[in-house]
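Heads up: the structure comes next, in C-alpha cells.
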Amino acid sequence: MPAIALTDHGVMFGAIEFYKKAEKAGIKPIIGMEAYIVTKGSRFEKSTQPTENGGKRSAYHHILLLAKDEQGYKNLLKLCTIAHTEGFYYKPRIDTDALRKHRDGLLATSACAGGVVSAHLVSGNDKEAYEAAEIYKDIFGDDFYIEIQNHGLEREAIVRAKAPKLAKDLGLKLIGTNDIHYLKHEHAIAHNIMLLIPDASSTNTPDYTQLRYQTDQVYFKSTKEMLELFKEFPEAITSTLEVNEKCNLKLNLKKNYMPNFPIPKDSGVSTLDEYFDKLSRQGFEKRYPDPSPELRERLEH
Numbered sequence: 225m226p227a228i229a230l231t232d233h234g235v236m237f238g239a240i241e242f243y244k245k246a247e248k249a250g251i252k253p254i255i256g257m258e259a260y261i262v263t264k265g266s267r268f269e270k271s272t273q274p275t276e277n278g279g280k281r282s283a284y285h286h287i288l289l290l291a292k293d294e295q296g297y298k299n300l301l302k303l304c305t306i307a308h309t310e311g312f313y314y315k316p317r318i319d320t321d322a323l324r325k326h327r328d329g330l331l332a333t334s335a336c337a338g339g340v341v342s343a344h345l346v347s348g349n350d351k352e353a354y355e356a357a358e359i360y361k362d363i364f365g366d367d368f369y370i371e372i373q374n375h376g377l378e379r380e381a382i383v384r385a386k387a388p389k390l391a392k393d394l395g396l397k398l399i400g401t402n403d404i405h406y407l408k409h410e411h412a413i414a415h416n417i418m419l420l421i422p423d424a425s426s427t428n429t430p431d432y433t434q435l436r437y438q439t440d441q442v443y444f445k446s447t448k449e450m451l452e453l454f455k456e457f458p459e460a461i462t463s464t465l466e467v468n469e470k471c472n473l474k475l476n477l478k479k480n481y482m483p484n485f486p487i488p489k490d491s492g493v494s495t496l497d498e499y500f501d502k503l504s505r506q507g508f509e510k511r512y513p514d515p516s517p518e519l520r521e522r523l524e525h
C-alpha cells in the first residue's frame, strides 16, 4: 500500500499528526476532508431535509476532497474554515459556490451512498444524479471520480449497479473506497458502544449489538480484501493508484509559520511591536478606567 488518505467528516483536526506519522512509517500521506455540502441553495440558509426514520436533519450531501498539492491544502483549510464560520447548521457545511471558488489543487470523489451523486441514485432520482455529476465534472474535470463502496449495505449495492453506466456516459472514472472507523473487524462492537454512550441513561440502556452504522465492515481492509470486494470493477482499483500519483502534497513542518497582522496606515506606528503596545494600552484604559499601580506594573510586563 503506497499511500493512505485521511478524510474526516467536515474537519481537519488530525491532518498534521497523520501526515507526520504516515511519513515516519514510509507511506505517502494524502490529506483530505469528507465535506458536507449544500447542493440546493446556499450555505447561509438554515434548511432541513427528511431522514430515513421520519425525522429531519440539516440539508447537505457528502463530497470527498483531497489535496493534490500545497495550493489544494490551503484551499482545504479555507473550505473547512468557511464551513464552520459561515455554513454551520448542525454540521459544518460548504456550498457549490465556495467549492468552485476554492477548487484549485483539489481532487474530488462523489463520496459514499450519501454523496452528491450516489444519494440520488439510491433514491431513484437518476436524472438528478447525472445533473449533479456534470456540475462536479465541470468544476474538477478529470479530477472528479464516481465513488463506489461495499460494506454489505443495500444502498451501496444500488450505487454499484448504477454508477458504472453513469460514469461511462459522462466520461468519468470509478473509484473504489472503504470507510475506516476502526482498525480491525473485531473492534466493531467496541466502536458501537462508544457511539451509544451519549444515548445511555438510568432509564435507557441501548442494545450495543444493534450496530449504529448497520455494518461491521468499516475497518482497515487489506489490499487483498479490497481486490476481492471490487473484483467486478477493476477500474475502480486502478483509479486509487491514479489518485496516488496525482496527490503529492509536501509540507514544510520545520518552518514556523507566523501570522501576519497588517499595521493600519493611520495607526501612527511603524512596527508590529509598537502596534501591539498601542493596542494593549488602549485596551487597558478601556477595561480599567482607574487602574491601580499593581495593574499598571503588570501592563508594562
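The opening position of the sequence shown corresponds to residue 225 in our numbering, with each subsequent residue numbered one higher.
For every residue, glycine included, the Cβ atom is placed at its ideal position computed from N, Cα and C.
Between which residues of its own chain and residue i is the CB-CB distance below 8 Å, once the five residues before and five after are set aside?
i	result
Leu377	Ala337, Gln438, Thr439
Ile261	Tyr284, His285, His286, Ile287, Arg317, Ile318, Asp319, Thr320, Leu323, Val340
Met225	Ile251, Thr447
Leu396	Ala357, Lys361, Phe368, Tyr369, Ile370, Leu390
Work out the CA separation of residue j and residue i for me, nearest whole Å.
i	j	result
Pro422	Ile240	29 Å
Asp366	Met482	36 Å
Ile487	Ser347	54 Å
Ile255	Thr309	21 Å
Glu524	Gly507	13 Å
Leu420	Glu410	17 Å
Ala357	Lys448	30 Å
Ser504	Asn484	18 Å
Pro388	Thr429	43 Å
Asn416	Glu258	21 Å
Leu475	Ser463	24 Å
Ser516	Lys510	14 Å
Ala291	Tyr432	37 Å
Asn468	Gly296	15 Å
Which residue from the options puts its Cα closest to that of residue i?
i	options	result
Asp403	Glu380, Pro388, Gly395	Glu380
On the three-state DSSP scale, how would you describe residue i?
i	result
Gln373	strand
Gly507	helix
Lys448	helix
Phe454	coil
Gly395	coil
Pro388	helix
Met418	helix
Gln295	helix
Lys248	helix
Near residue i, which residues of its chain fall below 7 Å by C-beta distance, leaving aside the five closest residues on each side in sequence?
i	result
Lys502	Ser491, Val493
What residues in its chain sit with their C-beta under 6 Å from that of residue i, if we drop five residues either side in the sequence?
i	result
Phe454	Gly400, Ala460, Ile461
Thr333	Leu288, Tyr369, Glu371, Ile399
Hey, could you find the ends of the alpha helix (DSSP H) residue i is sitting in?
i	result
Arg522	517–523
Taking only beta-carbon atoms, is residue i less than 9 Å away from chain B?
i	result
Asp367	Included in the structure is just one protein chain, with no chain B present.
Provide the residue span of the beta strand (DSSP E) that contains residue i, from first to last.
i	result
Leu330	330–333
Glu310	Where Glu310 is concerned, there is no enclosing beta strand (DSSP E), given that its DSSP letter is neither H nor E.
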